[in-house]
Ligand code: PEP
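Laid out in structure tokens, this is it:
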């Protein structure tokens, strides 16, 4: 049985005060939920303060990105050790906004992934095709290439600590969600690739989240699919109420 994992990616939103207020609301609403692994990803500036609010709750803390080196002359970058230092356990790698706006390649994501694993963080690795690629019938090829590139050289032992987030770029922040069938089809395909690369056991235990305009209204249908093990939520995670509703999808 794979325990569902639901993440809230706050992106470049919220001052420290705003982030702390949302964390306090989440603590009240879903702070003790154990049936779902819940993680929030505030901006770097709010990590420490949010971490303090969430201490003693079941809600995990993660960062939205990191650099692969541990320290040194890399102006503007944040290292895995710095993330651990402020209480992070998780890190998102290769989000489509990083790939798109900052030209992150699979090779760079692979370096970050190896570094995150070395340092003891739990990485969420994002893959997903653009609209044109889906229309051209290349969605699976694109996702397969991303997966193989990002996961190159990772051991079967380490891979179990990774979560894959399938996030079709055309569904991120657009209000357009992949249908549960479209998402399931790609998740099944991803699991097949993981099976080929790492074996049956890994394929069975690794969690694959869906991301792209997940809301309280569509989470239940998505989660009813066999290979969908959670969600990475952007817009709808910015309000504690809607994020809590998503996390509590199993109760209604
Ligand atoms: C995301 O940024 O990972 C995401 C899925 O965003 P949204 O839920 O807003 O589409």
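Numbering (the numbering used here), first residue to last: 6 to 257. Don't be surprised by glycine CBs; every beta carbon is placed ideally from N, CA and C.
Following the continuous beta strand (DSSP E) through residue i, name the residue where it begins and the one where it ends.
i: residue 150; result: Not the beta strand (DSSP E): residue 150 falls in the alpha helix (DSSP H), residues 144-155.
i: residue 42; result: 42-46
i: residue 128; result: 127-132
i: residue 241; result: Note, residue 241: premise wrong, no beta strand (DSSP E); not H, not E.
i: residue 67; result: 64-68
i: residue 11; result: 10-14
i: residue 212; result: 212-216
i: residue 170; result: 168-171
When the Cα atoms are used, what is the spatial distance from residue i to residue j?
i: residue 211; j: residue 119; result: 17 Å
i: residue 238; j: residue 68; result: 14 Å
i: residue 251; j: residue 96; result: 21 Å
i: residue 138; j: residue 144; result: 6 Å
i: residue 190; j: residue 78; result: 44 Å
i: residue 159; j: residue 136; result: 29 Å
i: residue 80; j: residue 86; result: 16 Å
i: residue 146; j: residue 22; result: 43 Å
i: residue 10; j: residue 148; result: 21 Å
i: residue 179; j: residue 244; result: 17 Å
i: residue 192; j: residue 232; result: 6 Å
i: residue 204; j: residue 161; result: 8 Å
i: residue 20; j: residue 33; result: 20 Å
i: residue 12; j: residue 141; result: 30 Å
i: residue 39; j: residue 123; result: 27 Å
i: residue 128; j: residue 222; result: 27 Å
i: residue 230; j: residue 62; result: 28 Å
Going by Cα to Cα distance, which pick from the options is closest to residue i?
i: residue 208; options: 166, 115 and 236; result: 166
i: residue 171; options: 64, 38, 44 and 234; result: 234
i: residue 181; options: 216, 158 and 206; result: 216
i: residue 15; options: 153, 241 and 253; result: 241
i: residue 48; options: 26, 27, 17 and 61; result: 17
i: residue 254; options: 35, 19, 46 and 109; result: 35
i: residue 168; options: 61, 64, 248 and 99; result: 99
i: residue 125; options: 203, 163, 229 and 195; result: 163
i: residue 102; options: 123, 121 and 131; result: 131
i: residue 133; options: 155, 231 and 161; result: 155
i: residue 228; options: 256, 205 and 206; result: 256
i: residue 29; options: 41, 64 and 223; result: 64
i: residue 175; options: 157, 60 and 105; result: 105
i: residue 26; options: 41, 59 and 38; result: 59
i: residue 6; options: 226, 247 and 213; result: 213
i: residue 220; options: 108, 246 and 56; result: 246
Could you give the residue range of the alpha helix (DSSP H) that holds residue i?
i: residue 123; result: 111-124
i: residue 196; result: 185-203
i: residue 29; result: 21-35
i: residue 224; result: 224-228
i: residue 164; result: 161-164
i: residue 254; result: First-last for residue 254: undefined, no H or E at that position.
i: residue 58; result: 52-59
Please check the pair residue i and residue j, which I expect to be a contact at CB under 8 Å, by giving their CB distance rounded to whole angstroms.
i: residue 31; j: residue 249; result: 7 Å
Any 3 or more C-beta pairs closer than 8 Å across the stretch 51-62 and the stretch 92-100: yes
Under 8 Å, with one C-beta from each stretch per pair, do the stretch 199-211 and the stretch 180-190 reach the 3-pair mark? no
Using 8 Å as the threshold, is the stretch 68-85 in touch with the stretch 114-131, meaning 3 or more CB pairs across them? yes
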